[in-house]
Amino acid sequence: MNMDFNLYMNDIVTTARSEMRESGYTEMTTPEEVDQHLNKEGTALVVVNSVCGCAGGIARPAAKHALNYDKLPDQLLTVFAGQDKDATEHVRDKAPDFLPSSPSFAFFKDGEIVDMIERHEIEGHETMSVITNLQAWFEEHCEEV
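Residue 1359 in the numbering used here sits at position 96 of the sequence shown, and the numbers go up by one each step.
Here is the structure:
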């Protein structure tokens, strides 16, 4: 059987994007969209999505299930590493104290980076531990919904 690699990757990317949109996250595909969202007052969770196994098995499920909480960020946002390259780089530029990492989670308040959960805190960890870390941000920085 001969499978076209690009078709295979497009299917994975399409599925990964859909998971985030269906969970309530807004995609940012350009640097302008990043500025439009992250320059707003309030809180924002940014998921740096990717096609790796820890994104599909841990990060995206954590991003979805963390939303089952009484306090939530004002904005739920996502960029796709390796796909929305300029937008991803622009998010990373706004977090200069953190190394590029995907998948990852970045938490912003009033346009400033508060903290990140980097790949090394996702890969090899239980989904529930990532959810707990996300919800700790929500508890500390977000309003009740």
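All C-beta atoms, glycine included, are put in the ideal place defined by N, C-alpha and C.
(message) I need the straight-line Cα distance from Gln1338 to Asn1396, nearest angstrom please.
(response) Within the sequence shown, numbered from 1, the residue matching residue 1338 stands at position 75. Within the sequence shown, numbered from 1, the residue matching residue 1396 stands at position 133. Each residue's Cα considered, the two are about 17 Å apart.
(message) Do Val1314 and Val1276 count as a contact pair if the criterion is CB distance below 8 Å?
(response) Taking the first residue of the sequence shown as position 1, residue 1276 is located at position 13. Taking the first residue of the sequence shown as position 1, residue 1314 is located at position 51. Cβ atoms of Val1276 and Val1314: closer than 8 Å.
(message) Excluding the 5 residues flanking Val1297 on each side, which residues of the same chain have their C-beta closer than 6 Å to its C-beta?
(response) As a first step, residue 1297 must be located in the sequence shown, where it is residue number 34. Residues Met1291, Ala1350, His1353, Val1354 of the same chain have their beta carbon placed closer than 6 Å to that of Val1297, with the five preceding and five following residues left out of the count.
(request) Quick one: residues in its chain with C-beta nearer than 6 Å to the C-beta of Thr1306, no 5 flanking neighbours on either side, listed in chain order? (result) The residue given as residue 1306 occupies position 43 in the sequence shown. Same-chain partners within the cutoff: Pro1336, Asp1337, Lys1372, His1404, Cys1405.
(request) Using beta-carbon positions only, say whether Leu1330 and Val1309 come within less than 8 Å of one another. (result) One-based indexing of the sequence shown puts residue 1330 at position 67. One-based indexing of the sequence shown puts residue 1309 at position 46. No. Outside cutoff.
(message) Going by beta-carbon coordinates alone, are Ser1365 and Ile1380 separated by less than 8 Å?
(response) Within the sequence shown, numbered from 1, the residue matching residue 1365 stands at position 102. Within the sequence shown, numbered from 1, the residue matching residue 1380 stands at position 117. Annotated as distal: Ser1365 and Ile1380, with beta-carbon spacing of 8 Å or more.
(message) How far does the beta strand (DSSP E) with Leu1340 in it extend, from its first residue to its last?
(response) Here the question's residue 1340 lines up with position 77 in the sequence shown. Where Leu1340 is concerned, the enclosing beta strand (DSSP E) stretches over 1338-1343.
(message) Distance check for Ala1358 and Lys1327, CA to CA, integer angstroms please.
(response) On the sequence shown, position 64 is the one that residue 1327 refers to. On the sequence shown, position 95 is the one that residue 1358 refers to. Here the C-alpha atom of Lys1327 lies approximately 23 Å from the C-alpha atom of Ala1358.
(request) Please go through the same chain and pick out, in chain order, the residues whose beta-carbon is closer than 8 Å to the beta-carbon of His1300, but skip the five residues on each side of it. (result) Along the sequence shown, read from residue 1 onward, the residue named residue 1300 stands at position 37. Within its own chain, the residues whose Cβ lies closer than 8 Å to the Cβ of His1300, once the five positions on either side in sequence are excluded, are Thr1289, Met1291, Ala1307, Gln1338, Leu1340, listed in chain order.
(request) May I have the straight-line CA-CA distance separating Glu1402 from Glu1304, to the nearest angstrom? (result) Taking the sequence shown and counting its residues from 1, one reaches residue 1402 at position 139. Taking the sequence shown and counting its residues from 1, one reaches residue 1304 at position 41. Approximately 18 Å, taken between the alpha carbons.
(request) Would you grab the beta carbon distance between Ala1325 and Ile1394 for me? Rounded to a whole angstrom, and I think it's under 8 Å. (result) Here residue 1325 refers to the residue found at position 62 of the sequence shown. Here residue 1394 refers to the residue found at position 131 of the sequence shown. Confirmed, about 5 Å.
(request) Report yes if the CB atom of Val1311 is closer than 8 Å to the CB atom of Ala1344, and no otherwise. (result) Taking the first residue of the sequence shown as position 1, residue 1311 is located at position 48. Taking the first residue of the sequence shown as position 1, residue 1344 is located at position 81. Yes, the pair counts as a contact, with Cβ atoms nearer than the cut-off.
(message) With distance defined between alpha-carbon atoms, name the residue in Asp1378, Gly1320, Ala1369, Asp1333 nearest to His1388.
(response) For the purposes of this step, residue 1388 is identified with residue 125 of the sequence shown, where counting begins at 1. For His1388, the nearest C-alpha among the options comes from Gly1320.
(message) Please report the distance separating the alpha-carbon of Asp1347 from that of Arg1323.
(response) For the purposes of this step, residue 1347 is taken as residue 84 along the sequence shown, with counting starting at 1. For the purposes of this step, residue 1323 is taken as residue 60 along the sequence shown, with counting starting at 1. Whole-angstrom Cα-Cα distance: 17 Å.
(request) Mind checking which residues open and close the beta strand (DSSP E) that includes Lys1427? (result) Only positions 1264 to 1408 of the chain appear in the structure, and residue 1427 is not among them; the question remains open.
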